[in-house]
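Have a look at the structure below before the remarks.
4 protein chains.
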Amino acid sequence: MSNQFKKEYIVVAQNASGRNMNVPLYRFIGEKPGPKVYIQSSIHGAEVQGNVVIYHLIQRLKQMPICGEVILVPNCNPVGTNIKAGEYTLGRFDPVNGTNWNRGYFYDESLIQAFAQSVQDDESIPQIKQRFRQQIKDILAEKLEESWGIGLAQRLNLKLQQLAFDADFVLDLHNGPVSTRHIYVPEYAQSSASLFNIPHVILIPNKFAGALDEATFCPWWTLQTLLSDKRHKPIEFGVEAFTLEMGSQEVISFTDGEYDANSILSYLNAKGCLVKSDVYPQTMRRVATYLKNYKVLYTQQGGMVEYLAKPGELIKQGQPLAKLLNVDELDTPNATEMILAQCDLIPILHFPSASILSGTQLYKCFTHYFEL
Amino acid sequence: MSNQFKKEYIVVAQNASGRNMNVPLYRFIGEKPGPKVYIQSSIHGAEVQGNVVIYHLIQRLKQMPICGEVILVPNCNPVGTNIKAGEYTLGRFDPVNGTNWNRGYFYDESLIQAFAQSVQDDESIPQIKQRFRQQIKDILAEKLEESWGIGLAQRLNLKLQQLAFDADFVLDLHNGPVSTRHIYVPEYAQSSASLFNIPHVILIPNKFAGALDEATFCPWWTLQTLLSDKRHKPIEFGVEAFTLEMGSQEVISFTDGEYDANSILSYLNAKGCLVKSDVYPQTMRRVATYLKNYKVLYTQQGGMVEYLAKPGELIKQGQPLAKLLNVDELDTPNATEMILAQCDLIPILHFPSASILSGTQLYKCFTHYFEL
Amino acid sequence: MSNQFKKEYIVVAQNASGRNMNVPLYRFIGEKPGPKVYIQSSIHGAEVQGNVVIYHLIQRLKQMPICGEVILVPNCNPVGTNIKAGEYTLGRFDPVNGTNWNRGYFYDESLIQAFAQSVQDDESIPQIKQRFRQQIKDILAEKLEESWGIGLAQRLNLKLQQLAFDADFVLDLHNGPVSTRHIYVPEYAQSSASLFNIPHVILIPNKFAGALDEATFCPWWTLQTLLSDKRHKPIEFGVEAFTLEMGSQEVISFTDGEYDANSILSYLNAKGCLVKSDVYPQTMRRVATYLKNYKVLYTQQGGMVEYLAKPGELIKQGQPLAKLLNVDELDTPNATEMILAQCDLIPILHFPSASILSGTQLYKCFTHYFEL
Amino acid sequence: MSNQFKKEYIVVAQNASGRNMNVPLYRFIGEKPGPKVYIQSSIHGAEVQGNVVIYHLIQRLKQMPICGEVILVPNCNPVGTNIKAGEYTLGRFDPVNGTNWNRGYFYDESLIQAFAQSVQDDESIPQIKQRFRQQIKDILAEKLEESWGIGLAQRLNLKLQQLAFDADFVLDLHNGPVSTRHIYVPEYAQSSASLFNIPHVILIPNKFAGALDEATFCPWWTLQTLLSDKRHKPIEFGVEAFTLEMGSQEVISFTDGEYDANSILSYLNAKGCLVKSDVYPQTMRRVATYLKNYKVLYTQQGGMVEYLAKPGELIKQGQPLAKLLNVDELDTPNATEMILAQCDLIPILHFPSASILSGTQLYKCFTHYFEL
């Protein structure tokens, strides 16, 4: 017994040479029915490790029978991947207008409220899911046909969202600047956090801020909350979406990619996507924090900085995070300055360059974290 | 009788060399009391014509007695002005993270509602103004002191907002890409649109979208609406704020600058900021549209484009806006393609480069416009 | 009677998505034998008007019988065309390392000297041409196969040079920043300057500085000089190469493109590439200067600049070229500064942005020019 | 007994805000006479570790008596340091025109030949040195006063060269992309290579290619060669210049900086710049190669790459250097490709991004290396 495999290309843009820019789509269809899974990587062009993870997933899925369907779209942003600025990849935003490539997905709260109104008391969960999916997909199609057109990032995002909104489980593979593994998990799906082999978990509220995971789970979470209220009993659609940050941008590692592919398979297995698989999550320490306690430390000064605290380390209040050099003051006591932790924290990522202006995101840190 | 003049420098950032980056502030204080005026230019680094306008304003104000105070901050964004990418200035957004330099101003609707609650029925307009101003300024100061720091663009914005929120009349001088003169006017201040010599007027609702003009007028408009309701009579604070788009970015013209300085002086004169001045607005055709009818035309295709419709021209439905070349099809009928107007419109600005990807903002157009 | 037409694609690079990047090649082959012509455009990505010229040439050549062969490669640099930095195209150099896209062509003087030695006294001109061409083409092929690889710009250049070195007449279509029409003409081919409808001519010596025109004509000029000496009589290979600057970058115009297509056809006609064509050069004033007298004016200061002298205008010594604004000095006499012409000159192009640092190429100017 | 200390600022440019951009200069003058030393860092803006080295040198020189004079100019390129493109520093070249910041120094071979002619047989070495220095410095001053102006990078370079050409020992502190420590040493000064604690040495010929070290040693080496020939005995001026590559760009380390400061002091001590110092070079393995054997490996393909060979490792022929992923082929055997060493080599540095186009400098490698 084995999966059916298809490879397609989706056109997402056209470049200045007048050429279509497309992205590969790898699709596995199991013999047995089951959930739909959608996994994409590199919506931010410099965050390339997810492509390696998808490479390993494809090798594994060739030999591992699945239930339902798994769609994998590596390197999903062909514009972002190919914009170099100096030796690095300027992949986080459209170089023309600064638009973050991960902020153009569709979400409209009022529409969900209207849909909730439209649900009959006797409508079954599968019926509701099917009808809601169709409605959102109709709107996405309509937006893509808007006669005045839509922006480049938005078109890319909506094209991908068409695939993602069809799925039950959505994984968006990212990287931080210089970063340790972490994952964004919607609060209602906290129990799923332990199905991945990822030590740092950010629990996020049901608030749309533009990313694909939110564009996926916010509608379902909102709808199930409204319907649970209406029917006076808990309704669950079983849809989950996560942003996985697989380590640092601008580097790839095949070994790490295998680890993360395994982590994803253990999640998929727990969710019933695999047929008789023995891939289970590792026993490991997992710490979590709420989004409001995931703090950005901005610099007050400009200068050159040595990052003393490494991502993933436990840092106590008062311990050094970074040491700053001011080249104008090399002969005075102001030549160097220590930046200290204001409270106990775990640095999750730091800025990838030693040269900083004031107001730079130096570190992002877990504060008030707890074990899962 | 003449004005008092002061020149200061405000530190807004620190660069990677560890140096303070400051901006000049020119302040004129009249012998007579009167309103406060705040004018800044070049928050977007490539939009430099406002600096020329301020140059002309300074020459004029040296000889023209004012009532109250006029503060002028040209070139208010020293980071944006100095980031070159190729021969042009990458001045619309922070090159590190894509943050638009004009979107980090502070606004909090709930705070205004709370303040409205706090207003006693017998509190006078000047008292309310003074107290509201102080409260916002206290919050700005507090945010600037945030112990985890704030982002570069936000710090710059809040520093400038401290000056702007103190003023009664705020003018933010911008340029479009390739553009004709136009102005953003809050709907409640529509009558002031005709005090400037600007032929194209966009009427914007009381909705904060991040810019300085909104950060200035939204709080006052919201507050006066709430208090008018509460007191059952119209309350007016007389505060107005506008974004003036003075033509195209990346070019300056001293002649045009003089025209726009005159336009601004005629507004200030009408608002009682000048002592016995004879500068009045020109008699001219002014057309306006509501923000929702100020439409962006995005390209469906990539290629090279000739901009046939010039900013400011009246274009009829079906007339050509642009002609696109596809270098892959030079031997076929698809070599060129006409992009036509979908309805009667006035193109206000167009993209400044012939090379475009799909999803590019080709034109921004007035539709459903009307004469003022 | 009509030409044969073929369309091909040449692979010149591979992008980070692992995709081949190719460029279209349009080839016309006449029924009669005759010279080979090679025309390319947009080696600098923002210089796109040449693509329009090639569009018009293709329309014309479909109906105009030729002798020999004409190869047209529009948009020959797919990397440069598609690198946006802000709204503009960062097309002059490789964004990774700053390498000018027009400086990686092959040239080796010693090799030409050795070849000249190898020429027998009785070898005919066609034989010499054929043998020399083959030798250079062999070296180009060898360099492209170098086992340690070669740089991106160099590979692109050598691929194009393989086509160009096969031709008798080579035209490289460029644009200046903000520019009037001008052409680079090798001194030995001065008489050909009047075959184009281009008013400004730069006469360049036989010195390789990296560009395609030089990489094409320097070997032939050097060889014919050496052989003329050896044989004590003038030898001519009849190979010519020119860089045509068709106006300003970042804009296209179909009307201007038609004018320049006509100008090129009048040159080709004079060179015997067309069958019974009646396209002749216009009678017009053409002025020339030697390369050493084509002067760059660099700024001593930074600031914002209004370009007062327009490209193509005659400017007398002492007349203003540009007016500079210093935003730090708006209240003092140093607010503005005039930059004056040091001698009689014709500005040919100027920098395309109002914002300049010290050491910016403000203008390039004809000095000591004369009528052709 | 202690050194005299002075701090100055040199203006090297003016920015678009019309402000002077200056760089700090730290000068130590010993009580005893002795050689002049000039050390600069960060001519390439992203190569910041040299600033830390200079910081440590200053701390040491405050307490360590010297003979002669030591001038230190950290962060010598205030434009390059402050041009961000995304999170990284676009510091290798002028973002306007692609000019490498380290290629605008002055060198003119014919001038040295003329000078050699002018030397009388009885002119003493100190006299010759003084007169040659003055002549070069006069030319530098003249070039800086050129009435048509000079380019930004060139002005910066000539200003620094004025300081460097006055010195006997010149150290230019750089970093590679991802790199191990290495040093460029002129062949005639090979014996000095072992005075630094740097394991990898590139021996470079007397050929000017634009960098500061060459601009410093080529004139002296050429002159002493010419005069040695003329006088039929070896002449030595004792001037040396080196480019030190201190590890990777975009990071700083205070610990590593201390190591390299010590390495530099051991060289200065050996050259008689320190009074009774006990800083000596470490006993360590040092390998060298000639510049022609310092090979660049360019990629044939585009894709994502894992760098398997670490800088400084010994790699045998046939061993893997890098593993490439092609996202379009994840389901085929072409998904990955190994890039193997063509010969025994030591990778010294590699490209800093996983995303590469074809023609990328993947590795720079020592081949045919030998122990010093």
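Protein chains in written order, with our numbering: chain A, 27 to 398; chain B, 27 to 398; chain C, 27 to 398; chain D, 27 to 398.
Quick reminder that beta carbons are idealized off the backbone N, C-alpha and C, glycines included.
Item                                                                                                                                                                                                                            : Value
Can you find the residues in the same chain that come closer than 8 Å, C-beta to C-beta, to Leu166(A), ignoring five residues on each side of it along the sequence?                                                            : Phe132, Leu184, Gln187, Gln188 and Phe191
Ends of the beta strand (DSSP E) at Ala39(C)?                                                                                                                                                                                   : Gln30 to Gln40
Any idea if Met310(C) is buried or exposed, counting beta-carbon neighbours within 10 angstroms, 16 or more meaning buried?                                                                                                     : exposed
Looking at chain C, is there any beta carbon in it that lies within less than 7 Å of the beta carbon of Gly177(D)?                                                                                                              : yes
Please confirm if Glu284(B) has its CB atom under 7 Å from at least one CB of chain E.                                                                                                                                          : The question asks about chain E, but that chain is absent: this structure's protein chains are A, B, C and D.
Buried or exposed: which applies to Ala237(A), given that a residue is buried once 16 or more other Cβ atoms fall within 10 Å of its Cβ?                                                                                        : buried
Kindly indicate the opening and closing residues of the beta strand (DSSP E) around Ile209(D).                                                                                                                                  : His208 to Pro212
For His200(C), does the three-state DSSP call read helix, strand or coil?                                                                                                                                                       : strand
Give a yes or no on whether 7 Å exceeds the smallest Cβ distance from Ser68(A) to chain C.                                                                                                                                      : no
CB Arg312(B) to CB Ser220(B), shorter than 7 Å?                                                                                                                                                                                 : yes
Whether or not the stretch 265 to 278 of chain A and the stretch 350 to 365 of chain A are in contact is what I'm after, with contact meaning three or more pairs of Cβ atoms, one per stretch, closer than 8 Å; do they touch? : no
Between the Cα of Leu317(B) and the Cα atoms of Lys302(B), Ile36(B), Lys32(B) and Ile374(B), which residue gives the shortest distance?                                                                                         : Ile374(B)
Who are the neighbours of Pro152(C) on chain B, taking C-beta pairs under 7 Å?                                                                                                                                                  : Under the 7 Å cutoff, chain B gives no residues; its nearest Cβ is about 32 Å from Pro152(C).
What does the alpha-carbon distance come out to for the pair Phe54(A) and Ser28(A)?                                                                                                                                             : 10 Å
How should Gln327(B) be labelled, buried or exposed, when 16 other C-beta atoms within 10 angstroms of its C-beta is the threshold for buried?                                                                                  : buried
Please report the straight-line C-alpha distance between Tyr214(C) and Trp247(C), rounded to a whole angstrom.                                                                                                                  : 8 Å
Could you check whether the Cβ of Met272(C) sits closer than 7 Å to any Cβ belonging to chain B?                                                                                                                                : no
Counting pairs of beta carbons, one from the stretch 74 to 81 of chain D and one from the stretch 345 to 353 of chain A, are three or more of them closer than 8 Å?                                                             : yes
In chain D, which residues lie less than 9 Å from Gln327(C) when you measure between Cβ atoms?                                                                                                                                  : Gln40 and Gly44
Rounded to whole angstroms, what's the CA-CA distance from Val305(D) to Thr269(D)? Just pull it up for me.                                                                                                                      : 21 Å
In this structure, how does DSSP classify Pro245(A) when only helix, strand and coil are distinguished?                                                                                                                         : helix
In the DSSP assignment, the alpha helix (DSSP H) including Pro152(C) goes from what residue to what residue?                                                                                                                    : Ile151 to Leu170
Between the Cα of Asn46(B) and the Cα atoms of Val105(B), Tyr114(B), Arg157(B) and Lys62(B), which residue gives the shortest distance?                                                                                         : Val105(B)
I'd like to check one pair, Tyr35(C) with Pro59(C): are the Cβ atoms closer than 7 Å?                                                                                                                                           : no
Closest Cβ-Cβ distance between Val196(D) and chain B: below 7 Å?                                                                                                                                                                : no
Please go through the stretch 282 to 347 of chain B and give each complete beta strand (DSSP E) segment of 3 or more residues, from N-terminal end onward.                                                                      : 313 to 316, 320 to 324 and 329 to 333
Does the Cβ of Glu240(D) have 16 or more other Cβ atoms within 10 Å, making it buried, or fewer, making it exposed?                                                                                                             : buried
Quick one, which of Pro307(A), Tyr324(A), Asn201(A) and Ser43(A) has its alpha-carbon nearest Ser173(B)'s?                                                                                                                      : Tyr324(A)
For a quick check, are the C-beta atoms of Asn108(C) and Trp127(C) less than 7 Å apart?                                                                                                                                         : no
If we cut at 7 Å on Cβ distances, does Leu116(A) have a partner in chain D?                                                                                                                                                     : yes
Closest Cβ-Cβ distance between Lys185(C) and chain A: below 7 Å?                                                                                                                                                                : no
Output the distance between the C-alpha atoms of Leu21(D) and Tyr285(C), rounded to the nearest integer angstrom.                                                                                                               : Absent from the model: residue 21(D). The displayed extent of chain D is 27 to 398, so no value can be given.
To which residues of the same chain is Pro378(A) closer than 8 Å at the C-beta, ignoring the five residues directly before and after it?                                                                                        : Pro203, Val204, Ser274, Gln275 and Glu276
Within a Cβ cutoff of 7 Å, which residues of the same chain sit near Gly283(A), ignoring the five residues on either side of it in sequence?                                                                                    : Gln75, Val78, Val79, Tyr81 and His82
Would you kindly work out how many angstroms separate the C-alpha atoms of Ile261(B) and Gln345(C), rounded to a whole number?                                                                                                  : 58 Å
Against chain C, does Pro91(A) count as a neighbour if the rule is that its beta carbon must be under 7 Å from one of theirs?                                                                                                   : no
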